[in-house]
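Q:
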Amino acid sequence: MATAVSTKIAPITLTPGALVEVRNIIEDKKVPTEYGLRIGVQGGGCSGMSYLLGFDKAKDNDEVYDLDGLKLIMDKKHAMYVLGMEVDFQDGLNARGFVFNNPQAKSTCGCGSSFSA
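Counted from 1, the sequence shown has number 240 at position 115 by our numbering; the numbering is strictly sequential.
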């Protein structure tokens with residue numbers, strides 16, 4: 126069940142701030158090297174779909190991308206929902222966390238963590 130690392134261009138981007146925060150989390154939480162950052166979608170949330178963001182091992186239906194030395198994992202079926210999406214990290218007084226700027230979203234909820242496509 127070996128998964129080859131793809132050299133394809135990732136359908137999403139992470140801003141420099143998001144990359145720094147992900148790398149900090151990997152180091153602070155001692156995430157195993159065989160894990161990558163999984164990004165995807167799932168049903169739910171107030172707008173119909175919500176974003177997945179976490180660390181996981183690649184599975185059979187996944188595409189694996191190298192994003193500035195970071196292993197990015199995504200289920201092939203999720204690409205159509207996040208194509209062109211930018212993930213940012215905000216660290217301000219009013220908000221702290223990952224922000225999803227998704228051009229595929231027809232509408233989003235007030236908190237920005239769910240959308241409809």
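We put the beta carbon where it would ideally sit given N, CA and C, even for glycine.
Please report the distance separating the alpha-carbon of residue 222 from that of residue 164.
A: Position 97 of the sequence shown, counted from the first residue, corresponds to residue 222. Position 39 of the sequence shown, counted from the first residue, corresponds to residue 164. The straight-line gap from Cα to Cα measures roughly 15 Å.
Q: By how many angstroms is the C-alpha of residue 216 removed from the C-alpha of residue 142?
A: Residue 142 sits at position 17 when you count from the first residue of the sequence shown. Residue 216 sits at position 91 when you count from the first residue of the sequence shown. For residue 142 and residue 216, the gap between their C-alpha atoms comes out near 9 Å.
Q: In chain order, what residues of the same chain have a beta carbon less than 6 Å from the beta carbon of residue 226, not counting five sequence neighbours either side?
A: Locating residue 226 in the sequence shown gives position 101, where the first residue counts as 1. Once the five neighbours on either side are set aside, the close Cβ partners of residue 226 are 211.
Q: So, helix, strand or coil for residue 185, using DSSP?
A: Your numbering for residue 185 matches position 60 in the sequence shown. Note: residue 185 maps to coil in three-state DSSP.
Q: Between 135, 168, 182, 149, which lies nearest to residue 158 when the distance is taken from Cα to Cα?
A: For this step, residue 158 is matched to residue 33 along the sequence shown. Of the candidates 135, 168, 182, 149, the one whose C-alpha sits nearest the C-alpha of residue 158 is 182.
Q: Kindly give me the distance between the Cβ atoms of residue 196 and residue 186, rounded to whole angstroms, as I take these residues to be in contact under 8 Å.
A: Here the question's residue 196 lines up with position 71 in the sequence shown. Here the question's residue 186 lines up with position 61 in the sequence shown. Actually they are not in contact, since the Cβ atoms of residue 196 and residue 186 sit about 16 Å apart, beyond 8 Å.
Q: What would DSSP say about residue 212, mapped onto helix, strand or coil?
A: Here residue 212 is taken as the residue at index 87 of the sequence shown, counted from 1. Correct three-state label for residue 212: strand.
Q: Could you tell me the alpha carbon to alpha carbon distance between residue 206 and residue 230, rounded to whole angstroms?
A: Position 81 of the sequence shown, counting from 1, holds the residue named residue 206. Position 105 of the sequence shown, counting from 1, holds the residue named residue 230. Rounded to whole angstroms, residue 206 to residue 230 spans 8 Å at the Cα level.
Q: Opposite residue 194 in the DSSP bridges: which residues?
A: As a first step, residue 194 must be located in the sequence shown, where it is residue number 69. Looking at the DSSP assignment, residue 194 forms no beta bridge with any residue, so it has no partner.
Q: Helix, strand or coil, according to DSSP, for residue 149 in the structure here?
A: Here residue 149 is taken as the residue at index 24 of the sequence shown, counted from 1. In the structure shown, the three-state DSSP call for residue 149 is helix.
Q: In the DSSP assignment, what residue or residues form a beta bridge with residue 226?
A: For this step, residue 226 is matched to residue 101 along the sequence shown. Partner(s): 211.
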